[in-house]
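The letter at position 5 of the sequence shown is residue 5 when you use UniProt numbering, and the numbering goes up by one with no holes.
C-beta atoms are modelled at their ideal positions from N, C-alpha and C, and glycine is treated no differently.
In this text, all values refer to a predicted model and were calculated from it rather than measured experimentally.
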Amino acid sequence: MSEEHEEDFLSVDTPIPGQNYVCLSFVSPEKMIKDKNKFYMVSFLNSLLKNQEVLSRYENFTYKIVDELYEGFLMNNKDDMNKSFDETVDFKTSMRTVKIRGTYDTLREAKYRAKSLQKKDKSFDVFVGQVGYWLPWDPSSLEVQDQEYTNTELNTLMKKYKENKEQHDEVFEKQKEERIKMARENSSRPVVSEDDQKDIDKIRDIANIKDGIVEDKSLNSIMGGNFSDPWMARKESSTVKDDTTVTEEASVKDDTTDTTVTEEASVKDDTTVTEEASVKDDTTVSEN
């Protein structure tokens, strides 16, 4: 039964002509780095114990709370703490560094160069590695001899690194899409000021009144008592005009009627007087 093939996560870069091997030297002051981290923690704890506001805010200091407080403390005080630590250790290096000491076409050339540098500079080890390949950081001389073990460990570490990075990228892209969606929704909504909204509400109420939707609201109450609707004004003007015309016609008609009645009464009176006078005259003549 064939063994299951393990996927290789240690991707190799495209070869560069004439640069296949490299000579490297490392500086890894692990003890100084540990001491520096302890110095950071001591400074953080001293600051925390003096901050009564923070102490009273939390009943229990969980890992997440302490981590957030510590990261915030480093962000605000790291430069000052680095200066203090360097002065305390007499400016001994506390940073990991690497030095590229040359690239070569063949392994033979690289090994020859490494031996030559080792003779001149005995303070640092010189390692030979392949250009474009993942290499362990500052390996010990004993581990370099077990190349198969080193590559297996590196492959496992790189696999986990890529898995974590892909998961992080996926979460980041999802959050970015949600933020873009929210931004687009917010930008598509019209921004209406308070005064504009009041005017819009007034216009809507006016339309509802004219359409018969609202019966108990008058336009004056909606507009604060200072509203004059042109449509209603024209209608009221027309009504007043019609009423005036009718009144005037009725008045003229009444005047005409009165005049007619007066004239008829006058004619009647004149006729009566004439008739009476005629009768009287006839009677007088007859007696004579």
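In this structure, the CA atom of Phe-26 is about 45 Å from the CA atom of Arg-57. Phe-85 counts as buried, since no fewer than 16 other beta carbons sit within 10 angstroms of its beta carbon.
Runs of alpha helix (DSSP H) with 4 or more residues, each lying fully within the segment 68-138, are found at 107-120, listed in chain order. In this structure, the beta-carbon distance from Met-81 to Tyr-133 does not fall below 8 Å. Nearest C-alpha to Arg-96 among Phe-61, Pro-29, Asn-60, Gln-118: Pro-29. Ranked by Cα distance from Met-32, the options Val-89, Lys-64, Lys-174, Thr-14 are led by Val-89. Annotation: Tyr-112 to Thr-93 spans about 30 Å, alpha carbon to alpha carbon. Of the residues Pro-15, Ser-187, Val-98, the one whose Cα lies closest to the Cα of Phe-124 is Val-98. As the crow flies, the alpha-carbon of Gln-19 is around 44 Å from that of Asp-67.
Taking a C-beta distance under 8 Å as the contact criterion, Val-22 and Thr-103 qualify as a contact pair.
In this structure, Val-128 sits away from Gln-118, with a CB-CB distance that is not shorter than 8 Å. Distance from the CA atom of Phe-73 to the CA atom of Phe-44, rounded to whole angstroms, is 7 Å. When DSSP reads this structure, Ile-16 sits in a beta bridge with Gln-19.
Annotated three-state conformation of Leu-10 is coil, per DSSP. For a cut-off of 8 Å, the C-beta gap from Ile-100 to Leu-24 is around 6 Å, short enough to register as a contact. Taking C-alpha positions only, Pro-136 is separated from Glu-185 by approximately 49 Å. Within the same chain, no Cβ atom closer than 6 Å to the Cβ of Lys-78 is found once the five residues on either side in sequence are excluded. Annotation: Gln-175 to Met-182 spans about 11 Å, alpha carbon to alpha carbon. Counting every other CB atom within 10 Å of its CB across the protein chains shown gives Lys-36 a total of 16 or more, marking it as buried. Gln-52 and Asn-60 have their C-alpha atoms some 14 Å from each other. By the criterion of a C-beta distance shorter than 8 Å, Thr-14 is surrounded in its chain by Gly-132, once the five residues flanking it on both sides are discounted.
Per DSSP, Tyr-40 is one residue of the alpha helix (DSSP H) stretching across 30-50. Here Phe-172 carries a helix assignment [DSSP, helix/strand/coil]. Secondary-structure assignment with DSSP links Leu-24 through a beta bridge to Ile-100, Phe-127.
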